[in-house]
Amino acid sequence: MTHLYQLIILYQKIGEISREKTHKISFTCLFFSIDMSLKPYQLIGLNWLCLLHKEGINGILADEMGLGKTCQAIAFLSHLIEKKRTSFHLIVVPSSTLDNWVREITTWNPNFYFTVYQGTPEERLYMRKNILNNKFERPLNAILTTYNYVLISKDDKAFFRRLKYDYCVFDEAHMLKNMESLRYIGLDQLNSKRRLLLTGTPIQNNFLELMSLLFFVMPDMFRKNKSHFNKIFSLKQSQWEKDAFYNQKVSQAKGIIQPFILRRLKTEVLKQLPKKNENLIYCEMTERQNKDYSEKKLYLKEKQNECLKITSSKSTVDNKAEFDLAAYKERKKTLKHNHVFYVFMELRKIANHPLLNRSLYTDDKIKEMARIIMQQSSPGTVYEFVVEDMTLMNDFELHMMCPFYTGLEKYKLTDKHILDSGKFQMLDKIFEEKKRIGDRCLLFSQFTIMLDIVEVYLKIRKITFIRLDGQTPVKNRQGLIDKFNNDNKIFVFLLTTKAGGVGINLTAANTVIIHDLDYNPFNDKQAEDRSHRIGQTKDVQVYTLLSKDSIDETMLKIQKFKLELGDDINGTNDSKTKSVMADLLKEALNLD
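In UniProt numbering, the protein residues as written are 1 to 592.
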């Protein structure tokens, strides 16, 4: 470790750039569009990247979402090309941001010559031949592709490993948080002189994830000490607190880590950015919702008691001497733990909408519907199997089956059933007010089926909307984003938190509705920042909907715990996180 500490002074000097506001690079890149210019803090970021490059050090640009990491990276690569220091780069991005990168590059630097690597196996084979044989008008400055395409097949992997890059740029680099994953290992094998990582959330659920990024960004330095760092950061919190030696090592490691990362917050650098006001909205569950919730909670508690009836009686253990008490306790603990999270998900469904439960379609009604379905089914269909499949479906899924079979129309649910949700009643109030003042909305949910129900609700209310989720083809996504940003008649954009929460610009809306919380609060923060970012001219209102006196309130506690973990670079490990989550859930559910 000694040679690492000798480098601290140099890295601390580099780190000073992020704090020195007067030291800015003189940047007049001839490639850049005349109408485009970097903001002062972006010039500081460019200066930081250029000095890292000069000193032979890679880095992580970790500005908060919405501060323009993409344009800073484009400016950096353009600057290097202009100075003829480097020539050929690889830019790897999530599928959801590919079109946005194409647009940003062509907008900021029309002369940046690149190709987008994507398409069918045949199309990619054609592209590989063209790239390897240099069949372009002039030498490429970069290949732009996605994480999936780099590793999609043996041929693709071999192709990307064969090329030699001056820089590999990885967008949303928190996707590299697990050094044991196939993605991490595959990308680590790319042949590049240098690496640049872009991420808005460098610290998520534990510090070991951050270490994975650092091993990736500075492999020659950190991998020699990988086992040492793993030993430090795999310790339990109690060991960290008691062992002064390791506390000292953690402190030293932090001194090494910090200069590799440049992170600015919007509150620090964008004084002119409109405010973001966060509102927790507690929604009273409807009468039926409350009834379903209470019944499900009681039922699940009874099921828990049944599944935990593990006995050591003679009827189950022939020889008491063979009975392993430790194994018994461990099995009981595992059953409890698994059941707690199952209970949590079941109650969370009802807290979102009672139709995600099955109570309206009774077993008898399902049998009636199955008999009608059998009359229209292909030979060989087994009635008992049809019934079994239907009993596993929720009310909304059964309702959506009805139009597809003649005779099931009478079993369809009414609009009243769709609207029977405390959160939908709150949406009525929010949408009425936003329409009155001319604001537009983004609505995020974790679950595609929840968005399915919201769609029906919006149609009942005659509200115009479009939708983007994980099933939306990548080639169609930018078109949907442009359509929403350019068409004021579209009032709501429905998005799943993960598909719509990364790397897209939706500043045409200034109201963000989080219908249901994510386990990871940083995912919700990313979703909020689709609207609260450069280009926003209005104050942004964020409404987080919570069903009152429900599991939603426990989700909020879990998020707060994880946020504290993210703010504390000496956070606990994953097992600690799961333990705390389990304890919070058991407390909320009154489980032993």
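Just so it is clear, CB atoms sit at the ideal spot from N, CA and C, and this is done for glycine as well. These numbers come from a predicted model, not from an experiment.
Exercise for the section: Give the secondary structure of residue 515 by DSSP, where H, G and I count as helix, E and B as strand, and everything else as coil. Expected result: Judged by DSSP in its simplified three-state form, residue 515 adopts coil rather than helix or strand.
Handout entry: Assigned secondary structure, residue 425 (DSSP; H/G/I helix, E/B strand, else coil)
Key = Helix, per DSSP.
Problem - Beta-carbon proximity check, residue 430 vs residue 299, cutoff 9 Å - result: Contact flag unset, no.
Problem - Beta bridge counterpart(s) of residue 174 as assigned by DSSP - result: Answer is none; residue 174 lacks a bridge partner.
Practice task
Could you tell me whether the stretch 70-81 touches the stretch 290-299, where touching means 3 or more Cβ pairs closer than 8 Å?
Solution key: No: fewer than three Cβ pairs fall under 8 Å.
Practice task
Take residue 39 as the anchor and find which of 75, 181, 193 has the nearest alpha-carbon.
Solution key: Nearest option by C-alpha distance: 75.
Problem - Own chain residues within Cβ distance below 8 Å of residue 465, not counting five before or after - result: Excluding residues within five positions, the ones whose Cβ falls inside 8 Å are 455, 458, 490, 491, 492, 493, 494.
Exercise for the section: Apply the 10 Å Cβ neighbour rule to residue 572 and answer buried if 16 or more other Cβ atoms are within range, or exposed otherwise. Expected result: For residue 572, the predicted structure reports a pLDDT of 37, less than 50, and the residue's modelled location is therefore unreliable. A value from the coordinates is still provided. Result: buried.
Handout entry: Nearest residue (CA-CA) to residue 357, options 349, 363, 364
Key = Closest option to residue 357, Cα to Cα, is 349.
Exercise for the section: Could you check the C-alpha separation between residue 365 and residue 399 for me, to the nearest Å? Expected result: So the alpha carbons of these two residues sit roughly 12 Å apart.
Exercise for the section: Evaluate contact between the stretch 521-534 and the stretch 402-417, counting only Cβ atoms and requiring at least three cross-stretch pairs below 8 Å. Expected result: Not touching, per the Cβ criterion.
Problem - residue 270 versus residue 154: straight-line alpha-carbon distance, rounded - result: Their backbone Cα atoms lie some 45 Å apart in a straight line.
Problem - Between the CA atoms of residue 415 and residue 277 - distance to the nearest angstrom - result: Their Cα atoms are separated by approximately 33 Å.
Practice task
Under the assumption that residue 61 contacts residue 196 (Cβ atoms under 8 Å), give the Cβ distance between them as a whole number of angstroms.
Solution key: Correct: roughly 7 Å between the Cβ atoms.
Exercise for the section: Note down, in chain order, each residue of its chain lying with its Cβ closer than 8 Å to the Cβ of residue 472, except the 5 sequence neighbours on either side. Expected result: Closer than 8 Å at Cβ, skipping near neighbours: 480, 499.
Practice task
Inspect the beta-carbon positions of residue 530 and residue 442 and report whether they are closer than 9 Å.
Solution key: Yes. Within cutoff.
Handout entry: Helix, strand or coil at residue 353 [DSSP, three-state]
Key = Coil at residue 353, not helix or strand.
Exercise for the section: In the DSSP assignment, find the unbroken alpha helix (DSSP H) run with residue 522 in it and report its ends. Expected result: Note, residue 522: alpha helix (DSSP H), 521-528.
Problem - Own chain partners of residue 149 with C-beta closer than 8 Å, once the 5 adjacent residues on each side are dropped - result: Same-chain partners within the cutoff: 117, 118, 124, 156.
Handout entry: Simplified DSSP assignment, three categories, for residue 169
Key = Annotated three-state conformation of residue 169 is strand, per DSSP.
Handout entry: Residues of its chain near residue 282, where Cβ-Cβ distance is below 6 Å and the 5 sequence neighbours each way are ignored
Key = So the list reads 546, 548, once near-sequence residues are dropped.
Problem - At least three beta-carbon pairs within less than 8 Å, the stretch 424-440 to the stretch 550-559 - result: With the rule of 3 Cβ pairs closer than 8 Å, the stretch 424-440 does not count as touching the stretch 550-559.
Handout entry: Contacts around residue 193, its chain only, beta-carbon distance under 6 Å, and the 5 residues preceding and following it disregarded
Key = If we look at residue 193 and ignore the five residues flanking it on each side, its Cβ neighbours are 166.
Problem - Buried versus exposed call for residue 217 [16 or more other C-beta atoms within 10 Å across all chains shown] - result: Looking at its Cβ environment, which holds 16 or more other Cβ atoms inside 10 Å, residue 217 is buried.
Handout entry: Burial state of residue 189 (16 or more Cβ within 10 Å)
Key = Answer is exposed; the Cβ neighbour count stays below 16.
Handout entry: Candidates 509, 200, 386, of which the one nearest residue 522 by Cα
Key = Comparing Cα positions, the closest option is 200.
Exercise for the section: May I have the straight-line CA-CA distance separating residue 342 from residue 285, to the nearest angstrom? Expected result: Spanning the alpha carbons of residue 342 and residue 285 requires a straight line of approximately 21 Å.
Exercise for the section: If I'm right that residue 486 touches residue 423 with Cβ under 8 Å, what's the distance once you round it to whole angstroms? Expected result: The Cβ separation is near 29 Å, so there is no contact.
Handout entry: Assigned exposure category for residue 96 - 16 Cβ within 10 Å defines buried
Key = By the neighbour-count definition (other C-beta atoms within 10 Å, threshold 16), residue 96 is a buried residue.
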